[in-house]
Amino acid sequence: MTETDVRSYLDALAKPRGSLGRLEDIAVRLAVTQRRIDARTRPRRIVLFAGDHGCVSDGVSAWPSAVTGMMVATILAGQATSSALARAHDCPLRLVDVGVFGPRIAAAPSFFRDARIGDGTASLAHGAAMDVARFDAAWQVGAQEADRAADDGAALLIAGEMGIGNTTPAAALTALLTGVAAAEAVGRGAGADDAMLAVKSQIVADAVARAAPLLSTDPMRAIAMIGGYEIAAIAGFFARGAARGATLLLDGYVATAGALVAERLAPGTVAAMIAGHRSAEPGHAAALAHLGLDPLLDWHMRLGEGSGALVALPLLDAAAAVLNDVVRLDAIGAERAD
Ligand SMILES: Cc1cc2ncn([C@H]3O[C@H](COP(=O)(O)O)[C@@H](O)[C@H]3O)c2cc1C
Ligand SMILES: O=C(O)c1cccnc1
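For the sequence shown, the positions run 1 to 338 when full-length UniProt numbering is used.
This is the structure:
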């Protein structure tokens, strides 16, 4: 199933050629990645990966790490933004703890998985955030989630994240993997003030300077040094999801950092990706441009949790409806005039 096949199919439907604009581009991406003209957006799934970050104690976030665990509890209670949007758009949700600080969840609903690899990462401000073994373990957790979703028939996958401090490793990975300067990659995340932003910028610049020399010889180690259990898990989720023939809908800056990692370590994964939106985080545009992706929405959202992807999801439903439910021009007895 090539792009040309899908365009010819769309051109034969009861509508002028190209009249659905970008909706046709989405239809092409769905059909090519799923290798079928009747591509689907159901079954679908959002998997939220949660992890904590040692660098929060270095002053990079406006919020304490304890908020990660509070938001995990809120998602478990079905009361987070991601919970509301997933319900509104009929998208089953799973939540995976890959490295939250604090006590483990004792009794949890079946959509929760305890796959904790560490009690938060070490701070990337003082050395490696994690070693390669832990990076690989987090990647495997994400890959297992993609396998599980694919085994359940999922055609469309969304990854989201929860982890106070995670816009710092996201910025460092963006700088490392796209080559933009640290100062352009950092943003205010969940509300950092000017002083925090300056600290964050310096920490990102230093971490990238330490990791960059390793990138060409040992990319996995360079990426692990910067870290993020949830980002590594998202990368494994995307790489395996693409290999299993699912379409991947990207969220914001942090999920896109996972996408950059996936494409670096599993080249070609990008072919399965659709960018749901452009986050208000200033580095997101560079990350998307590096992947060659044009975001569907630019709504100044800056939450994460998969929220931007969930808001864009109905656009993919519309593209799938066109592929599946529109009659052919010849079937209604009309001939092309365009
Ligand atoms: C209540 C709350 C809910 C969130 N949901 C997602 N994030 C988002 O903000 C955090 C990243 O921003 P930073 O790097 O500045 O800490 C991550 O948890 C991300 O998922 C939240 C943040 C907060 C405070
Ligand atoms: O775009 C994101 O992923 C994002 C932005 C701000 C805070 N957390 C996540």
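Where a beta carbon is used, it is the ideal one built from N, C-alpha and C, also for glycine.
Treat the numbers as computed from the prediction; the structure is a model and nothing was measured.
Item                                                                                                                                                                                  : Value
Since Ala-171 is in the alpha helix (DSSP H), which residue starts that stretch and which ends it?                                                                                    : 167 to 178
Mapping the DSSP letters down to three states, classify Arg-264 as helix, strand or coil.                                                                                             : helix
Which residues in the same chain as Leu-313 place their Cβ atom closer than 6 Å to its Cβ, once the five residues preceding and following it in sequence are excluded?                : His-89
Can we count Gly-54 as close to ligand 4, meaning its CB is less than 7 Å from some heavy atom?                                                                                       : Ligand 4 is not part of the structure shown, which contains ligand 1 and ligand 2 as its ligands.
In the DSSP assignment, the alpha helix (DSSP H) including Leu-76 goes from what residue to what residue?                                                                             : 66 to 76
Please return the same chain residues whose Cβ sits closer than 6 Å to the Cβ of Val-67, not counting the five positions on each side in sequence.                                    : Ile-164
Can the beta-carbon of Gly-189 be found less than 8 Å from the beta-carbon of Ala-129?                                                                                                : no
Using CA atoms only, rank isn't needed, just tell me which of His-300, Trp-63, Arg-94 is closest to Leu-76.                                                                           : Arg-94
Closer than 8 Å by C-beta to residue 354: which residues in its own chain qualify, once you throw out the five before and the five after it? Chain order, please.                     : Any property of residue 354 remains undetermined from this structure, which presents the chain solely from 1 to 338.
CB Cys-91 to CB Leu-303, shorter than 8 Å?                                                                                                                                            : no
For Leu-157 and Leu-20, which I take to be in contact (beta-carbon distance under 8 Å), what is that distance rounded to the nearest angstrom?                                        : So it is not a contact: roughly 24 Å between Cβ atoms.
Provide the residue span of the beta strand (DSSP E) that contains Arg-22, from first to last.                                                                                        : Note, Arg-22: premise wrong, no beta strand (DSSP E); alpha helix (DSSP H) at 22 to 34.
Going by C-alpha to C-alpha distance, which of Met-71, Thr-121, Ala-84 sits closest to Ile-105?                                                                                       : Met-71
Quick check on Phe-49: does DSSP put it in helix, strand or coil?                                                                                                                     : strand
So if DSSP puts Leu-303 in a beta bridge, which residue, or which two residues, is it bridged to?                                                                                     : Beta-bridge pairing links Leu-303 to no other residue.
In its own chain, which residues sit with a C-beta less than 6 Å from the C-beta of Asp-317, not counting the 5 before and 5 after it?                                                : Thr-41
For the segment 171 to 224, which segments carrying the alpha helix (DSSP H) assignment without a break, of at least 4 residues, lie completely within its bounds, in sequence order? : 182 to 185, 194 to 211
Give the secondary structure of Ile-158 by DSSP, where H, G and I count as helix, E and B as strand, and everything else as coil.                                                     : strand
Hey, Glu-184 and Gly-283 are a contact pair by Cβ (cut 8 Å); roughly how many whole angstroms apart?                                                                                  : 6 Å
Compute the beta-carbon to beta-carbon distance between Ala-27 and Val-322, rounded to the nearest angstrom, for a pair I have assumed lies under 8 Å.                                : 6 Å
Less than 8 Å between the C-beta atoms of Thr-174 and Ala-287, yes or no?                                                                                                             : yes
Comparing the CB of Ser-216 with every heavy atom of ligand 1, is any distance shorter than 7 Å?                                                                                      : no
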